[in-house]
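Below is one structure; the comments refer to it alone.
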Amino acid sequence: AKTLGRGRYEIFNATMRERVRLIQQLESDLQRALERNEFQVYYQPIVNLSNREINGFEALVRWNHPERGLVSPGDFIPIAEETGLITLLDWKVMRDACQQVYRWNENLKNRPPFVLSVNLSARQFIQANLVEQITKILNDTGLERQYLKIEMTETALLENPEGVAESISQLKSLGIGLSLDDFGTGYSSLSYLHRFSVDNLKIDLSFVRSMNSEPQSFEIVRTMIVLAHALNIYAIAEGIETPDQLNTLQHLNCPLGQGYYFSPPLPAENIKTLF
Ligand code: C2E
Ligand code: CA
Ligand code: CA
Ligand code: CA
Numbered sequence: 185a186k187t188l189g190r191g192r193y194e195i196f197n198a199t200m201r202e203r204v205r206l207i208q209q210l211e212s213d214l215q216r217a218l219e220r221n222e223f224q225v226y227y228q229p230i231v232n233l234s235n236r237e238i239n240g241f242e243a244l245v246r247w248n249h250p251e252r253g254l255v256s257p258g259d260f261i262p263i264a265e266e267t268g269l270i271t272l273l274d275w276k277v278m279r280d281a282c283q284q285v286y287r288w289n290e291n292l293k294n295r296p297p298f299v300l301s302v303n304l305s306a307r308q309f310i311q312a313n314l315v316e317q318i319t320k321i322l323n324d325t326g327l328e329r330q331y332l333k334i335e336m337t338e339t340a341l342l343e344n345p346e347g348v349a350e351s352i353s354q355l356k357s358l359g360i361g362l363s364l365d366d367f368g369t370g371y372s373s374l375s376y377l378h379r380f381s382v383d384n385l386k387i388d389l390s391f392v393r394s395m396n397s398e399p400q401s402f403e404i405v406r407t408m409i410v411l412a413h414a415l416n417i418y419a420i421a422e423g424i425e426t427p428d429q430l431n432t433l434q435h436l437n438c439p440l441g442q443g444y445y446f447s448p449p450l451p452a453e454n455i456k457t458l459f
């Protein structure tokens, strides 16, 4: 047992070393990746659950790493946040996505314009020029402000509620929407929903995944949808993968949703076939 324990310890060490090395490697790669334009925006439709029409898209970044292939955000966003590169990356994603959705909306005049949802890291909200940056991107790309929504997590609110409150109220006064992401997974305070005039509440996929097998998850999802209705907020269910999940959410009158059942996040050129 002693040898096994020791062996395990060394494997653990080796894995840790390997991990640290990988992180350092990615860190230096990230900088170059921005310069070389290796980031690509993927789009996942957000669907009206009552008529299945596409309401808009969430922009999700992908990294086309020359050697590693497609790297998912879970592997590099935390590193980009640590190094501060997230700032440049988030602005690039927002700019590309605004331009793309503007084009789609221009070409599809016979339907209501798509709404674009962009994720912003907590870090962006404490930047002095947040509102100027966003205004500039909207002006440069032509996307009208009412078609842009910012997705933020509760972490951003917790880290600096005062500073963040100021930025958010400016964005709101411009007419830009606000979605609270991963709702229920952090230290959510219900008062935030009201205080920051949140427009959308995103029900985390962990609840959607288990709601049909665990009564408690079902109750949480049900309650979030009721709460959203009561506060005049749109609930958006994440991670819908099966017809059963869609069915449950429709019964609960959840207005919007996204997930592999409808479509995974796709590059812009593949999205066109959806509409
Ligand atoms: P998120 O904002 O909560 O995004 C939802 C995640 O769920 C995405 O993972 C999406 O691909 C995935 N997803 C969508 N439908 C399904 C489904 O039916 N089943 C399952 N299992 N997953 C589904 P992704 O694209 O890997 O992104 C992970 C996280 O990385 C995002 O979580 C977001 O926090 C962050 N992220 C992505 N793009 C950006 C960005 O441009 N800026 C910032 N700051 N963060 C980003
Ligand atoms: Ca999101
Ligand atoms: Ca989410
Ligand atoms: Ca998430």
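The opening position of the sequence shown corresponds to residue 185 in this note's numbering, with each subsequent residue numbered one higher.
Even glycine gets a Cβ: it sits at the ideal position worked out from N, Cα and C.
Leaving out five residues before and five after residue i in sequence, what residues of the same chain have Cβ atoms less than 7 Å from its Cβ?
i	result
Val-299	Asn-239, Gly-240, Tyr-331 and Lys-333
Leu-272	Leu-218
Glu-343	Ala-306
Gln-224	Arg-246, Asn-248 and Pro-451
Ala-412	Leu-385, Tyr-418 and Ala-419
Asp-280	Val-225
Ser-401	Phe-391, Ser-394 and Met-395
Taking 6 Å as the limit between beta carbons, can you name the residues of its chain near residue i, skipping five residues before and five after?
i	result
Gln-284	Ala-452
Leu-358	Arg-329
Lys-293	none
Ala-421	Ile-387, Val-392, Leu-433, Cys-438 and Gly-441
Ile-310	Asn-344 and Gly-347
Ile-362	A quick correction: the sequence has Leu, not Ile, at residue 362. Result list for Leu-362: Ile-334, Val-382 and Asp-383, in chain order.
At the level of alpha carbons, what is the spacing between residue i and residue j?
i	j	result
Ile-417	Leu-385	7 Å
Arg-203	Asn-248	20 Å
Glu-265	Leu-458	33 Å
Ala-312	Ile-318	12 Å
Asn-364	Glu-403	Inspection of the sequence shows that residue 364 is occupied by Leu rather than by Asn. About 20 Å.
Gln-209	Phe-260	11 Å
Leu-254	Tyr-226	12 Å
Ile-159	Asn-291	There is simply no residue 159 to check, as the chain begins at 185 and stops at 459 in what is shown.
Thr-267	Leu-436	42 Å
Tyr-371	Arg-287	38 Å
Ile-207	Asp-213	10 Å
Arg-201	Glu-425	36 Å
Ile-270	Glu-211	11 Å
Thr-325	Asp-274	15 Å
Ser-482	Met-408	Since the first residue of the chain shown is 185 and the last is 459, residue 482 is not available in this structure.
Phe-446	Pro-262	28 Å
Who are the near neighbours of residue i in its chain, counting only those whose CB is closer than 8 Å to its CB and skipping five residues on each side?
i	result
Gln-434	Leu-233 and Ser-234
Val-315	Ser-351, Gln-354, Leu-355 and Leu-358
Leu-244	Val-225, Tyr-226, Tyr-227, Gln-228, Pro-257, Asn-303 and Pro-449
Could you spell out where the alpha helix (DSSP H) holding residue i opens and where it closes?
i	result
Leu-272	270-291
**Q.** 3 or more residues per run - each beta strand (DSSP E) lying fully within the stretch 380-451
**A.** Correct list: 384-387 and 418-421.
Q | Start-end ranges of the beta strand (DSSP E) lying completely within the stretch 193-264, minimum 3 residues | A | For the stretch 193-264, the full-length beta strand (DSSP E) segments reaching 3 residues or more read 223-232, 238-249 and 253-255 along the chain.
(Q) Restricting to runs no shorter than 3 residues, where is the beta strand (DSSP E) found entirely within the stretch 300-383? (A) Fully enclosed beta strand (DSSP E) runs of 3 or longer: 332-336 and 361-367.
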